[in-house]
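Just so you know, the sequences run in chain order A and B. The first sequence maps to residues 1332 to 1412 in the numbering used here. The second sequence maps to residues 7 to 162 in the numbering used here. Since the structure comes first, as structure tokens, the remarks are kept for the end.
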Amino acid sequence: MLVLTRQVEDEIVIGSNIRVRVLGISGNQVRLGIEAPPEVTIFRAELYDEVARQNQAAADGALEMLRTLTSGPRTKATDEE
Amino acid sequence: MFQTQHFGPVAVSDQEVIHLLGPLPPFAGLTRYVLLRDPEHEPFLWLQSLEQPALFFIVAPHEAVAGPSPPLTPEGRRALSLLAGEQPEVYVIISLGGGAREVTMNLLAPVYVNHSTGLGRQAVGEGDLALTRVPLCPSSPVLQGGRPGAGSHSPG
Chain A
1332 MLVLTRQVED EIVIGSNIRV RVLGISGNQV RLGIEAPPEV TIFRAELYDE VARQNQAAAD
1392 GALEMLRTLT SGPRTKATDE E
Chain B
7 MFQTQHFGPV AVSDQEVIHL LGPLPPFAGL TRYVLLRDPE HEPFLWLQSL EQPALFFIVA
67 PHEAVAGPSP PLTPEGRRAL SLLAGEQPEV YVIISLGGGA REVTMNLLAP VYVNHSTGLG
127 RQAVGEGDLA LTRVPLCPSS PVLQGGRPGA GSHSPG
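Quick look at the structure:
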């Protein structure tokens, strides 16, 4: 793991288009400002891990849920819009 | 025409492709999806990957299963190229899991789609992690269709 020491208002750059700025420090909390292109999704790590678990569970269980229904999709969602 | 594993061949026009701005965690690299529906099973839809034939999610419009949709941040709106006053469609991902084989929905991280541009993203709100697995209403069509695994349906 790369370890950097930064002060308030200092930034780091990741790749060519992601900038992370230290906005403030209060006690053991650090406020970060992040600029990144829209295709880069940003999650708090614990949220990312939980969302990944739930997405995986959703994908793993989708077929079983589908089998409780009487038929599969016959038209695309946009057909009726 | 895209050959899905569970729904057979599906004709998908360019306008129907949903381009996710980032992949759904942890499905790295998969960003192209299409929404399929069976009118008999509204409000549920299938969010089918166009890059992995076996991968799909059961989703439902947020308003249909959980009330008014949470608003996107200004950054999220810009990312989806939403015009002023334009609202995205918001879908929640439905899961079957846990020891009780409970049907739950992820209200913390819905999928926002701008159908005008085809852009979408899974946005994570602020709140308790338990919001990722909120039990679906017992009266939902999924549950009325029988307990999971009890049906004899073979997806066409």
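We put the CB at the ideal spot given by N, CA and C, even for glycine. Only a predicted model underlies this, so the values are computations on that prediction, with no experimental measurement involved.
**Prompt:** Going by beta carbon distance, what residues of the same chain come within less than 7 Å of B/GLN9, once the five residues before and after it are set aside?
**Reply:** PRO15 and PRO59
**Message:** Any beta carbon from chain B within less than 7 Å of A/MET1396's own beta carbon?
**Reply:** yes
**Prompt:** Can you find a CB in chain A that lies within less than 7 Å of the CB of B/GLN150?
**Reply:** Confidence is the limiting factor: at B/GLN150 the pLDDT is only 48, short of 50, which leaves the residue's position unreliable, though a coordinate-based value still follows. No, its Cβ sits nowhere closer than 7 Å to a Cβ of chain A.
**Request:** With DSSP collapsed to three states, give me the class of B/ARG153.
**Result:** For B/ARG153, the pLDDT reaches just 34, beneath the cut-off of 50, and the residue's location in the model is therefore unreliable, although a value from the coordinates is still provided. It is coil, neither helix nor strand.
**Listed by chain order, chain B residues near A/VAL1353 by CB distance under 8 Å** = Under the 8 Å cutoff, chain B gives no residues; its nearest Cβ is about 19 Å from A/VAL1353.
**Request:** Report the rounded CA-to-CA distance for B/SER122 versus B/ASP20, giving the unit in angstroms.
**Result:** 12 Å
**Message:** Quick check on A/ALA1383 - is its C-beta less than 7 Å from some C-beta in chain B?
**Reply:** yes
**Message:** Suppose you measure from the CA of B/PHE62 to the CA of B/ALA70; what does that come to, to the nearest Å?
**Reply:** 20 Å
**Inter-residue CB distance, B/ALA66 and B/LEU51 (contact presumed, cutoff 8 Å)** = 7 Å
**Item:** C-beta atoms of B/GLY82 and A/GLU1370 nearer than 7 Å
**Value:** no
**Request:** Locate the beta strand (DSSP E) running through A/GLY1355, then write down its first and last residues.
**Result:** 1349-1357
**Asked** Taking a cut of 9 Å between CB atoms, which residues from the region 1332-1363 of chain A lie near chain C?
**Response** In the structure shown, chain C does not exist; the protein chains are A and B.
**Prompt:** Under the rule that 16 or more other beta-carbon atoms within 10 Å means buried, what is B/GLU95, buried or exposed?
**Reply:** Counting the other CB atoms within 10 Å of its CB gives B/GLU95 a total of 16 or more, which places it among the buried residues.
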